[in-house]
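Structure below.
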């Protein structure tokens, strides 16, 4: 296999994985021409029989489990299981629904489909614990975790469900992706394949909760308006109610509320304890450390296919961390990763053709489903030949092609440093300090007028922000902007990115956010807008001329410069070296484009506001939110820079 190859993206109907109440699967023709007939939906209820069980595990807790078995008993079928905190509803053996099959192709191929409510959620007994800590040394039947619950459940299914072939697979997206990874530690030998998709690896370190020690406000607030503790077992409706902001603009809504403690009070009385735990444990303390799954991913016998989206605003680091941990701790097993041009779980929810104003070419979700995911499970659960899936199947944004690598990051991607220069320039050459010249740039950050993370009023965390146009931020006086000359040939960045900033602040704490941006040519042609012309004055339209596409962005709260578990006040005026880790990318900056970096100290309300004083942020008083002057150094031993893995002329 060559080190770096590409494959075309198929463009046909994308089958959504929603099992309808009638037992049918919705076949959604993506991009079908007007008037073309959609394929007849697969009659799920006519071909499968539903059973419901309460599976006892070793400590006596019973886990509610729904099983769908093909009615054709002439052959044996593999078991495909998902474990979820979001409910296997509707309950009742005559009521068919759920999201149990990744696609219609799985139903037609024939699998015994299993959905299990994890302990303490919905119809399962026990106590629910967010991000269940793994118990590596189980000394009694009361030492339970997700791997033990999965082991006991698998054995029960093998003993009590007829028609299986002895092979079990597990998969899940988002929180169920975490359960897929946690469930295969010291895995039951019958588990032959697992696919954690958009999994949480560490809630604090880069996934849903905190990024660089800064709280992901908009996302967590939106999630915990609905995800709350339950009395259980309960068959309460799984559909979440809509939360109504008192403002159409989350920016103003949160700004008026002030600190995080005030924000928490709007979630009711006594509030949501999950949200309260998040803001109470604002450093990487003993509340968070046991919940990280990556140190425990050992004893895995199954083949693993981890899946993520390059533009997953919720759990982008999770898939990469889980893949790397399994690779390190389980030598010799089949361990593969797929990263596509998707939002969170976008391979199920969208065709993967575009996001906002950015196009990704073809139907990338169908390509993944048909060419990667189904063959993976067919190979390992039915032993039907080699799927021929690369170690790393990575979509290259910018050029919009799939790349197939024998390792990630690819060996041909070489580390290079891009340095901040005078006059807002970026260059590969380190700038030398000159006598008598102060090589610095400054801006004033005011937490009472924070930099927004979108150019438009929004509630929650729009998925589009991950590729959003940054021109609005580039014009603000509290954002530093640096860019290269126009590229004379393509340049691919493949792998993790690290920014090293040499900075000082007049505050005793500050955030520093680094954004990597793809600047489109000023004469780039736009596609003509679709639909009839407006009858009145048209709304402003986003053009791609000089579009500044966000490729990756990440913060670091300066109090955590010595470690996320070591908050320490900043000495005003003291120069600090900040290392800001940005999640991996696989992006091709095309000839005629530019690379841009923006540096700022707020990103609101994506992140909570840093008062810029070293106080307990959740309880910060109005007078604690103070402007600070930020200074960035860019020459000699204090040359601020971006380190990337680069494939040139690609």
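Numbering (this note's numbering), first residue to last: 707 to 1356. Where is the CB? At the ideal position from N, CA and C, for every residue including glycine. All of these numbers come straight from a predicted model, not from anything done at the bench.
Mapping DSSP to helix, strand and coil, what is residue i?
i	result
residue 1066	coil
residue 811	helix
residue 1218	strand
residue 911	strand
residue 731	Only weak support is given to the placement of residue 731: the predicted model assigns it a pLDDT of 35, under 50, and the question is left unresolved by the model.
residue 999	coil
residue 1340	strand
residue 1260	strand
residue 1311	coil
residue 957	helix
residue 926	helix
residue 1123	strand
residue 1077	helix
residue 1193	coil
residue 1009	strand
residue 1284	strand
residue 1161	coil
residue 1039	coil
residue 1352	strand
residue 1291	strand
residue 875	strand
To which residues of the same chain is residue i closer than 8 Å at the C-beta, ignoring the five residues directly before and after it?
i	result
residue 754	729, 774, 775, 776, 777, 802, 813, 819
residue 1234	Reliability fails at residue 1234, whose pLDDT of 41 lies under 50, so the model's placement of it is uncertain and the value that follows must be treated cautiously. Excluding residues within five positions, none has a Cβ falling inside 8 Å.
residue 1226	1250, 1251, 1252, 1253, 1254, 1255, 1299
residue 1181	none
For residue i and residue j, what's the separation of their Cα atoms in angstroms?
i	j	result
residue 1348	residue 1114	20 Å
residue 829	residue 1057	33 Å
residue 1006	residue 909	22 Å
residue 1000	residue 840	10 Å
residue 751	residue 1022	36 Å
residue 1292	residue 769	41 Å
residue 1336	residue 1216	9 Å
residue 869	residue 1039	28 Å
residue 1346	residue 1102	27 Å
residue 873	residue 780	17 Å
residue 1177	residue 1229	16 Å
residue 1294	residue 1079	25 Å
residue 833	residue 1220	40 Å
Specify, as a first and last residue, the run of the alpha helix (DSSP H) that residue i falls within.
i	result
residue 1024	1023-1035
residue 858	852-866
residue 969	966-971
residue 983	979-986
residue 1201	Note, residue 1201: premise wrong, no alpha helix (DSSP H); beta strand (DSSP E) at 1197-1211.
residue 1179	1177-1180
residue 883	881-888
Do residue j and residue i count as a contact pair if the criterion is CB distance below 7 Å?
i	j	result
residue 1359	residue 1263	The question about residue 1359 has no answer, for the chain in this structure spans 707 to 1356.
residue 1153	residue 1273	no
residue 1024	residue 906	yes
residue 1196	residue 1254	no
residue 1008	residue 898	yes
residue 1015	residue 1052	yes
residue 760	residue 885	no
residue 1119	residue 827	no
residue 1188	residue 1303	yes
residue 1084	residue 1077	no
residue 1173	residue 1064	yes
residue 1112	residue 1125	no
residue 1286	residue 1205	yes
residue 903	residue 883	yes
Tell me the residue span of the beta strand (DSSP E) that contains residue i.
i	result
residue 758	754-762
residue 778	No beta strand (DSSP E) contains residue 778, which DSSP labels as neither H nor E.
residue 1101	1098-1102
residue 1053	Here residue 1053 belongs to no beta strand (DSSP E); instead the alpha helix (DSSP H) covers 1052-1055.
residue 900	897-903
residue 1111	1107-1111
residue 817	Where residue 817 is concerned, there is no enclosing beta strand (DSSP E), given that its DSSP letter is neither H nor E.
residue 1172	From DSSP, residue 1172 is part of no beta strand (DSSP E); its letter is neither H nor E.
Is residue i near the ligand MG, judged by its Cβ being under 6 Å from some heavy atom?
i	result
residue 1256	Summarising the ligand content, the structure contains no ligands, and the ligand MG is consequently not present.
Less than 6 Å between C-beta atoms, sequence neighbours within five positions excluded: which residues of the same chain meet that for residue i?
i	result
residue 1168	none
residue 900	876, 886, 890, 1008, 1010
residue 1270	919, 990
residue 1203	1288, 1350
From the beta carbon of residue i, is the nearest beta carbon of chain D less than 7 Å away?
i	result
residue 765	This model lacks chain D altogether; it includes just one protein chain.
Within the same chain, show all residues whose beta-carbon is closer than 7 Å to that of residue i, passing over the 5 residues directly before and after it, in chain order.
i	result
residue 1310	957, 1156, 1157, 1158, 1159
residue 978	930, 934
residue 1344	1208, 1281
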